[in-house]
Each structure stands twice: as C-alpha cells, then as structure tokens.
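Q:
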Amino acid sequence: MRETLGSKWFRAVVLVILGVFTAVPLYVMITSALKPLGDVQNNFTWWPTHFTMQPFIDIWSTVPLGQYFVNSLIVSGISTVLSVLIAIFASYAVSRYRFKGRGIFTTTVLSTQMFPGVLFLLPLYLIFININQTFGIQLAGTRTGLIITYLTFSLPFAIWMLAGYLDNIPKELDEAARVDGSSAMGVLFRVILPVARPGLIAVAIYCFMTSWGEVLFASVLTTQDSRTLAVGLGGYSTETNVYWNQIMAASLVVSIPVVVGFLLLQRNFVAGLTAGSVK
Amino acid sequence: MAVTEARPRAGSPSPQTGTKAGPTRFRRKKPAGWWLPFVLIAPAVVFEILIHVTPMLVGIWMSFIKLTKFFIANWSAAPAAGLSNYHLALDVNGALGASLLNSFLITCAFTIIVVGVSWLFGMAGAVVLQRSFRGRALFRTLFLVPYAIPVYAGIIAWKFMFQRDTGAINHFLADNLHLISATDKPFWLIGDNAFTAVVVVAIWRTWPFAFLMLMAGLQSIPEEVYEASAVDGARPFRQWRSITVPMLGPVNRVLVLVMFLWTFNDFNTPYILFGGAQPPSGDLISFHIYSASFLTLNFGFGSAMSVLLLLFLLLVTGTYLFILNRRSRNA
C-alpha cells in the first residue's frame, strides 16, 4: 500500500519524541556508569571527562552485590519454575474442564491483581511469624518466604495468560490423543505443552521479571543474608556520599540479564499476550 | 451420560476408568476423574489463600482494632476499635483525614495523566510501527526496554537525572537551553515539581506496556482491511478511527483496566524516586499508607485506609465492567 507524505512525517515526529524520551535515561545510565566519581558529583556532563571501567569493579566491593545477585537469581529462578508449573495445571483445568467453582476461582485469582500491596504486607509478615512459632518453618527474612510470595504475585497473570493460550489450541488435538489411549495428564504433557511452548516462555519471562524487580515486599521480608538486588542497590548511597557512577553501573549490570532475555524472547511474549487478551 | 454437577467438557471420554473408579462408578453420578480439575487447581488455591486471601482478611480485621506501636509486639491483645479507624480516615476536617483526601486527589490526577498519556504514546508507537520500514526492529526493541528493565533500575536512573546540582534535566534546561538561570536551578524531587517528576517517570515505565499490548492487538488486524478502505478513499486518520480503534476494542478494555489498577496502586515510583522524604505534591496513596503504617506504626489506621482504597478500586472496576458489559449487550 502506498504511503502518504503526511503519514511519513507523522511517523518521523512520533519516533523522535518517543525515541528521545525512552533513550535519554538509558543513555545517562550507560555514560554515567563509565564516569569517574568526580564527574557525577559535579555539574552534569553529557560526555565523561575520561572513560573508566572502575565503577564496574568497585560495585562488587562497595556492597556485597555478588551475594545479592545470587539471592535474586535463586529467588526469581525458583519462583518462576514453581509459578509456571502451578499455572500450567491451573490453566489446563480452567481451559479444558467445566467444574464447580471454576467461575469463583478465576474471578478470585484475577481480583487479587487489585489488592494494594500495602494492605497485606504487614499481615503477611505476621502470618509468616506465626507459621514460624507454630510449625517451626522460618519464612520471614528467608529466601523461601520470598519465593512463595513472588510465585503468588505472578500466578494470577500467568494463569490468565496461559488459559487464554490453551483455549486457542484446538480441542481436537486432546481428543485425538485421548482416543489413542492417553490419560488427561498424558494429553497435557505430551500434546498440549509442546504446542504451548511460546505461551510458556512468555509466562516464564513475566514471572522472572516480576520477581527480579519487586521492591516493597523485598524490603520488609528480607534480612542482610537474604537481601535481593532490588533492596541491595540502596547500599550505594551512604550518609556522606552517593556513588552515582557505581549506582548506574550496578543498575546496568542487574538490568542486562532480564533486558537481553526479554528482547530475545519478545516474540513469544507478544504471542502469549495476544492469545490472552483477544479472548 | 447423566447430568452431573461436575461434568467434564462435552465429548471428552472419561480417563482412568480401569482401576480407580471401581465399583463406586455405578452408585455415583459423578463421572470418573471428576476430581481431576480440583487437584489441578489445588496448588494455585493453596498459595493464593496463604499469600493473598488470608493476609487480606487479616488486614481487614486489623482495620477494626487499635493496632498502634504499643500493641505491635503482642498484636492479638490490641483492643477493638470499632469503626474509629475509619472515622479517622474519612473525617476530612481532621488532620489525618484531610491528608488522606489530599493524597487520594493527587493519586487520581496522577492516574488520569499517566494512563492517558501512556495509552496515547503506546497507540502512537504501535501505529507507526505497524508498517514495515528500515529501522523498525530497532525502535521496537528500544521501546520495550523500559518495560523489560527492573523497576528500580529505571527509576534510579531518573532519580539521578532529576538531581538539582548533578542531574541531567537541570543541566539541559539551564546550561544547554538557557531556559532557566544556572545559578537558581529548581529542585525536582522536593516541593511542587515532585508531581511532574513522578508523573514523567511513571509514564516512562508504563507506556511501553500499552505499546506492547496494542502492538500485539494490531497483529490480529488483517492488512486487507486497510487496503480495501484505502481503495474506498479513506485517509490514514479515518482508517485509524474506523478500523484500528474498533478492532482493538478487546485489547483496550483489558489494557485500560490493568493500567488503571497498576498506576493507582503504584508504590515503587514514589518510594524509589523520593526515598523517605515524601514531598506533599508527590504523596501517592500507596506510599501515603505505607508511611502512615510503618513510620508512625499505626497499623490499624493504615489497614483502614488500605481497605478504603480497595473498596474504591472495587467500585471503579465494577462500574467499568458493568458499563462495558451493558454496552456490548446493547451493541
């Protein structure tokens, strides 16, 4: 189709505005991470007086960033795996069965998205303390507590997105496999999941990003040993000094794994979203 | 097959009839394997109850007791408060009620601007990237970065840019554009400018999600529809209004609701941008409640405010869905 001159101009204007707005903070983050400390403590400059990789070395010793990284990896990794597994079962039930309570289940799960985090932050903390006193399972301040919290956070959206995806997989596939003697679980694992791979990847990305970026609960539910990156990055500003170059370097380092992962798999994410929302 | 309460999807043969169902199969009306969906959702139900439902019920209960700093060590001994926490929150003549109302109004303005601009940006971005041209993949990737980047990393970069003496914004306005005096640079994270700052950062974080959803929605509109309308002489804006917007209806319905809920509940942006010193003009409600609960340690009052917030969100969501349902039924 022929493109008019007007729409070409419109495109150029939109791309410039959105491009600059999006890119400037990223540009500032990258260039400031390569500046010596003196540069970021004086008047801002768009270009470093001289380039240095020192911030990328210092970030590991100013705060125990390595340990925070490991904590974040463990918490986000395990909660993602569990969340995807639980979402697979739940969305299979929602998509393929009409059972009593199905409506209540889907409504409740989705409406949890509405809850303000501050409403159940303290109760959750108190419940964790009570569980510890009653059953002796330490949840507050541990990675385990954070893992089950995060897996629940991503669960509603994961179930909704995956159920939408499974709805789009023709039910004739299940029936053919059933005729061949597969059990319900056999159908799920051998027939549906292989077809639903893009949806699964999308859900996994979403879960991982949710856990990796969560701040509020991490700030209350972790101690020094279980601290995640989201909270640990605060360590670069002390009473006397704010190491902006190190903060930017650390932000860059913690962003790269998720940003690269997301951009590589974004097509799956778009496909998963389409299936979920167009329903 | 008899009509039963829990019937599997029509047409699916009952699995696992062999060993498990056994003799009960003839006495019960439920088909074999009726329990399977319940087992499948059980893990999700357990975790939702533990992390979402129970804490919320406890939170609601807490709003009816005097859970102040004197009782926090032994919270079950806190005396009943009746509705006094709610009276306190809703009394707009009192200091606490007035500041809550102020925070609520700020949050409403914040939400309307952020959701509106984010939707507009997302729509513009998705529409101009609909057709392929050189550099399209590059822009698409760039636009998705703020969504992919961890919340705190993006907001911290903005916090650095908004610094008065060492930040990029003041440098650009004063030293590059000479719009403001270099000796009298404004504070962005303190005072009245804080509202602008928190809105800008929230838009930066939110619009890529709108872009992503709308881009996904646009992919389902066949190219032929546009071609046919172009033959009929429709100009691009007319095509957008008559084809793109209506066909994105289902996506928009979800998108606007989700963006509204996320933005209204936004805690991260003010928390990371301002730290402990919340400026009055950027006093968003989630942060307001958090401060009231954890800084003054009046958790009963904090819970009452959270419950009111939840009721408001329920009311808005309910009305929104009701209107949409009625409109689609009438259509």
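Quick mapping for you: the protein sequence lines, in order, are chains F and G. All the letters of the first sequence, read from the start, carry residue numbers 1 to 279 under the numbering used here. All the letters of the second sequence, read from the start, carry residue numbers 1 to 331 under the numbering used here. Heads up, the beta-carbon is just placed ideally off N, CA and C, and yes, glycines get one too. Given the structure is predicted, the values throughout are model-derived calculations rather than measurements.
Just to confirm my understanding: we take Gly66 (chain F), look at its own chain, exclude 5 residues before and 5 after, and list those with CB closer than 7 Å. What are they?
A: Trp60
Q: Leaving out five residues on either side along the sequence, give the residues of the same chain with a beta carbon under 8 Å from the beta carbon of Tyr125 (chain F).
A: Excluding sequence positions up to five before and after Tyr125 (chain F), its CB lies within less than 8 Å of the CB of Ala140, Val220 and Leu221, all in the same chain and listed in chain order.
Q: Can you confirm whether Asp232 (chain G), when its beta carbon is compared against all beta carbons of chain F, has any partner nearer than 9 Å?
A: It does not: the Cβ of Asp232 (chain G) has no partner Cβ on chain F nearer than 9 Å.
Q: Give the interface partners of Ala93 (chain F) over in chain G, defined as CB-CB distance under 7 Å, in chain order.
A: Near Ala93 (chain F) (Cβ distances below 7 Å), the residues of chain G are Pro37, Leu40 and Ile41.
Q: Looking at C-alpha atoms only, which residue of F:Ala230, F:Thr134 and F:Leu188 is the closest neighbour of Val94 (chain F)?
A: F:Leu188
Q: Could you name the residues of chain F that Glu224 (chain G) contacts, counting a contact when the two beta carbons are closer than 7 Å?
A: Here the premise fails: no neighbours, minimum Cβ distance about 10 Å.
Q: Could you have a look at Gly122 (chain G) and say whether DSSP puts it in helix, strand or coil?
A: helix
Q: Give me, in chain order, the residues of the same chain whose beta-carbon lies closer than 8 Å to that of Ile192 (chain F); leave out the 5 immediate sequence neighbours on both sides.
A: Around Ile192 (chain F): Tyr92, Leu166, Ile169, Leu173 and Asp174.
Q: Output, in sequence order along the chain, the residues in the region 110–130 of chain F whose CB is closer than 7 Å to any CB in chain G.
A: Thr112, Gln113, Met114, Phe115, Pro116, Gly117, Val118, Leu119, Phe120, Leu122, Pro123, Leu124, Leu126 and Ile127
Q: What do you get for Gln163 (chain G), buried or exposed, if any count of 16 or more other CB atoms within 10 angstroms of its CB means buried?
A: buried
Q: Just verifying my parser: in three-state terms, what is the DSSP assignment at Ile65 (chain G)?
A: In the structure shown, Ile65 (chain G) sits in a strand (DSSP, three-state: E or B).
Q: Starting from Phe135 (chain F), trace the alpha helix (DSSP H) in both directions and tell me its first and last residue.
A: For Phe135 (chain F), the enclosing alpha helix (DSSP H) begins and ends at Gly117 to Phe135.
Q: Which whole-angstrom value is the C-beta distance of Ser145 (chain G) and Arg11 (chain F), which I expect to be below 8 Å?
A: Note that residue 145 (chain G) is Val in the sequence shown here, rather than Ser. Contact doesn't hold; Cβ gap of about 20 Å is too wide.
Q: Counting along the chain, where does the alpha helix (DSSP H) carrying Asp167 (chain F) start and finish?
A: Arg143 to Asp167
Q: Are there 16 or more other CB atoms within 10 angstroms of the CB of Asn176 (chain G), so buried, or fewer, so exposed?
A: exposed
Q: Cα-Cα, which of G:Thr111, G:Trp35 and G:Asn268 is closest to Val316 (chain G)?
A: The candidate whose alpha carbon is nearest that of Val316 (chain G) is G:Thr111.
Q: Suppose only complete runs of 4+ residues qualify. What are the alpha helix (DSSP H) ranges in the region 147–203 of chain G, listed by chain order?
A: 151–161
Q: Out of G:Phe299, G:Gln219, G:Val251 and G:Phe172, which one is the CA nearest neighbour of Tyr86 (chain G)?
A: G:Phe299
Q: Since Phe269 (chain F) and Ala202 (chain F) should fall inside the 8 Å C-beta cutoff, what is the C-beta to C-beta distance between them, to a whole number of angstroms?
A: 4 Å
Q: Say whether chain F places a C-beta atom closer than 9 Å to the C-beta of Asn170 (chain G).
A: yes
Q: Taking only beta-carbon positions, decide if Gln278 (chain G) is within less than 9 Å of chain F.
A: no
Q: How many Å lie between Leu280 (chain F) and Leu83 (chain G) at the Cα?
A: Only positions 1 to 279 of chain F appear in this structure, which leaves residue 280 (chain F) out of reach.
Q: Compute the distance between the beta-carbons of Met259 (chain G) and Phe209 (chain G), then report whether it is under 9 Å.
A: yes
Q: With distances taken Cα to Cα, identify the nearest neighbour of Val195 (chain F) among F:Trp212, F:Gly272 and F:Ser182.
A: Of the candidates F:Trp212, F:Gly272 and F:Ser182, the one whose C-alpha sits nearest the C-alpha of Val195 (chain F) is F:Gly272.
Q: List in chain order: all unbroken beta strand (DSSP E) runs of 3+ residues lying wholly within the region 207–246 of chain G.
A: none
Q: Among F:Ala158, F:Val231, F:Ile159 and F:Gly6, which has the Cα closest to the Cα of Phe69 (chain F)?
A: F:Val231
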